[in-house]
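If you count by my numbering, then the sequence shown holds residues 235 to 325, one letter each, in order.
Positions of the beta carbon are idealized from the N, C-alpha and C atoms, including for glycine.
For clarity, every value in this text was computed on a predicted model and none was experimentally measured.
Some notes on the structure that comes next.
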Amino acid sequence: VTEKIVNAFLAGCIPIYWGSRIVLEMFNPDAFVYANDLQVGGQASDDFAGSDPLLGLELVAEEVLRIATDDAKLRRMATAPVLSELQLQRF
235 VTEKIVNAFL
245 AGCIPIYWGS
255 RIVLEMFNPD
265 AFVYANDLQV
275 GGQASDDFAG
285 SDPLLGLELV
295 AEEVLRIATD
305 DAKLRRMATA
315 PVLSELQLQR
325 F
């Protein structure tokens with residue numbers, strides 16, 4: 235996990251993240267889009283060797299459009315805490 239997701243949060247954006255699943259433990263999954271699971275139908279693993287982040291990208295774009303056109307969902311994600319209560323206690 236790199237600083238890029240943190241930079242997006244600091245800018246007030248809803249991050250779209252492609253990378254290690256550990257990000258789901260470090261940050262509140264309700265506050266960002268985890269592209270890996272969308273691209274492979276929820277079966278993403280941490281073994282990205284040979285993975286092409288462009289495969290299934292249209293599924294990520296569709297989810298972003300769904301969020302952008304659903305005012306309630308957009309508001310929930312935009313106002314979700316970056317860290318959940320459990321994450322605050324853990325880290």
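- For residue 257, the enclosing alpha helix (DSSP H) stretches over residues 257–260.
- The beta-bridge partner set that DSSP reports for residue 267 consists of 250.
- Going by beta carbons, residue 264 and residue 302 fall outside the 8 Å limit.
- The closest CA to that of residue 236, considering only 256, 248, 245, is found on 256.
- Secondary structure note for residue 243: its alpha helix (DSSP H) is the uninterrupted segment 238–244.
- Taking a contact as a CB-CB distance under 8 Å, the pair residue 312 and residue 248 counts as one, their CB atoms being some 6 Å apart.
- For residue 235, no alpha helix (DSSP H) encloses it, and the DSSP letter there is neither H nor E.
- About 3 Å separates the Cβ atoms of residue 273 and residue 290, confirming a contact at the 8 Å cut-off.
- Distance from the Cα of residue 268 is smallest, within the candidate group 244, 245, 297, 246, for 297.
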